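Quick note, the sequence shown lines up with residues 81 to 345 if you use our numbering. Every residue gets a Cβ at the ideal spot worked out from N, C-alpha and C, and that includes glycine. Everything numeric in this text was worked out from a predicted model, so none of it was measured.
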Amino acid sequence: MMRNTVSDIWKLYKKGEKIACVTAYDSTSALLADRAAVDLLLVGDSLGMTVLGHDTTIPVSIDDCLRHSAAVVRGSEKALVVADMPFMSYHGSSHEALKNASRFMQESLVSAVKIEGGEEVADLVKKMVQGGIPVMGHIGLLPQAVLVKGGYKVRGRTEEDEQQLLKDGLALQAAGAFAIVMECVKSDAAKRIVTALDIPIIGIGSGLGCDGEVQVMHDILGLNPDFIPRHAKKYLDLAEQINGAFTQYKDDVKSDRFPTQENWY
81 MMRNTVSDIW KLYKKGEKIA CVTAYDSTSA LLADRAAVDL LLVGDSLGMT
131 VLGHDTTIPV SIDDCLRHSA AVVRGSEKAL VVADMPFMSY HGSSHEALKN
181 ASRFMQESLV SAVKIEGGEE VADLVKKMVQ GGIPVMGHIG LLPQAVLVKG
231 GYKVRGRTEE DEQQLLKDGL ALQAAGAFAI VMECVKSDAA KRIVTALDIP
281 IIGIGSGLGC DGEVQVMHDI LGLNPDFIPR HAKKYLDLAE QINGAFTQYK
331 DDVKSDRFPT QENWY
């Protein structure tokens with residue numbers, strides 16, 4: 081089976097077919113999403129919260145992302161796998177950023193990387209693409225800048241902010257980004273930005289006008305029992321089902337109902 085490439089994502093966009101993307105962090109979740117024919121798997125630095133127990137993405141290291149990205153690649157066959165470059169892995173010299181990006185391509189074997197930012201990272205995106213590294217951009221709410229911005233804030237509320245987002249998108253497009261994630265932008269502003277650009281815009285919390293959607297796996301599967309963000313839809317309540325299974329297992333062990341003769345050698 082041939083894995084999706086950036087050209088396949090482009091073909092979906094040109095046909096007007098929405099691009100389905102979900103985060104994945106390990107080989108099992110990658111296998112299951114891949115079997116559902118999800119177009120693109122994003123190994124998000126959101127693994128800081130979903131897997132590693134942090135409050136933000138800031139503590140996530142490049143080694144964390146490399147390890148989880150490699151697992152997702154091993155677990156999938158068809159989906160395009162894109163890896164987030166984590167906090168401060170591309171904000172130093174362009175030489176260091178290119179070296180870090182190349183590690184994802186050579187060590188994790190992902191098909192592309194994603195970096196946050198607009199005009200300020202456009203030159204770096206251009207250098208990465210010229211070096212043979214496909215890049216997905218990310219504008220709107222930028223989780224890696226949460227400490228600077230003072231929290232998670234919706235973008236595109238003012239005409240000035242919308243124009244800056246448009247400039248960011250155009251800069252990334254001109255630099256050669258094959259697609260852009262647009263996070264938590266007011267839907268009317270997001271639609272105008274999508275119309276002005278000529279590459280796929282994959283939304284999260286930015287309305288139906290986007291060319292596709294990305295969601296965090298834990299949110300749509302209901303794996304976080306305490307919080308579901310506004311931009312997500314809970315398709316299952318796995319947290320409750322898993323808790324029930326663990327409870328039944330514990331009770332069976334304590335009451336000698338498990339293991340039975342069928343379960344030992």
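Practice item. Go to threonine 103, then tell me how far its beta strand (DSSP E) extends in each direction, as first and last residue. Key: 99-103
Exercise for review: Excluding the 5 residues preceding and the 5 following glutamate 196 in the sequence, name in chain order all residues of the same chain whose CB lies nearer than 6 Å to its CB.
Suggested key: His218, Leu222, Gln224
Check your understanding: If you compare alpha carbons, which of Val153, Asp143, Val205, Asp317 is closest to serine 173?
Key -> Val205
Review point. Can you tell me whether alanine 151 is buried or exposed, with buried defined as 16 or more other CB within 10 angstroms of its CB?
Key: buried
Check your understanding: According to DSSP, is aspartate 164 helix, strand or coil?
Key -> strand
Practice item. Mind listing, in chain order, the continuous alpha helix (DSSP H) runs of no fewer than 4 residues lying wholly within the stretch 195-272? Key: 202-210, 226-229, 239-255
Exercise for review: May I have a chain-ordered list of the beta strand (DSSP E) segments no shorter than 3 residues that lie completely inside the stretch 99-163?
Suggested key: 99-103, 120-123
Exercise for review: Return the chain-ordered ranges of every alpha helix (DSSP H) run that is complete within the stretch 298-345 and spans a minimum of 4 residues.
Suggested key: 318-334
Check your understanding: So is glutamate 242 buried or exposed if we call it buried at 16+ other beta carbons inside 10 Å?
Key -> buried
Review point. What are the residues that DSSP puts in a beta bridge with glutamine 295?
Key: Val102
Check your understanding: Who pairs with valine 193 in a beta bridge, going by DSSP?
Key -> Ala163, Val215
Point to revise | Nonlocal neighbours in the same chain, by C-beta distance under 6 Å from leucine 111, ignoring five residues either side | key: Gly155
Review point. What is the DSSP secondary structure of isoleucine 89, reduced to helix, strand or coil?
Key: helix
**Study point:** Proximal residues to proline 309 (C-beta, below 7 Å), its chain only, five neighbours per side dropped
**Key:** Answer for proline 309: Asp299, listed in chain order.
Check your understanding: So which of Val201, Lys314, Pro305 has the shortest CA-CA distance to methionine 348?
Key -> One cannot answer for residue 348 here, as it falls past the ends of the chain, which runs 81 to 345.
Check your understanding: For threonine 137, is the classification buried or exposed, using 16 other Cβ atoms within 10 angstroms of its Cβ as the cut-off for buried?
Key -> buried
Review point. Any idea if glutamate 263 is buried or exposed, counting beta-carbon neighbours within 10 angstroms, 16 or more meaning buried?
Key: Buried, since its Cβ has 16 or more Cβ neighbours within 10 Å.
Review point. Do you know offhand how far glutamine 321's Cα is from lysine 314's?
Key: 14 Å
Practice item. Answer yes or no: do glycine 236 and lysine 271 have a C-beta to C-beta separation smaller than 7 Å? Key: No. Outside cutoff.
Practice item. Leaving aside the five residues before and after glycine 289 along the sequence, list all residues of the same chain whose C-beta is less than 7 Å from its C-beta, in chain order. Key: Ser267, Ala270, Lys271, Val274
Review point. On the premise that proline 214 lies in contact with phenylalanine 258, defined as a C-beta separation below 8 Å, what is that separation, rounded to the nearest angstrom?
Key: 5 Å
Practice item. Quick one: using the 10 Å Cβ neighbour count with 16 as the cut-off for buried, is valine 228 buried or exposed? Key: exposed
Review point. Are valine 140 and leucine 189 touching if we call contact CB-CB under 7 Å?
Key: No, Cβ-Cβ distance for valine 140 and leucine 189 is not below 7 Å.
Review point. So, is serine 87 buried or exposed, given that buried needs 16 or more other C-beta atoms within 10 angstroms?
Key: exposed
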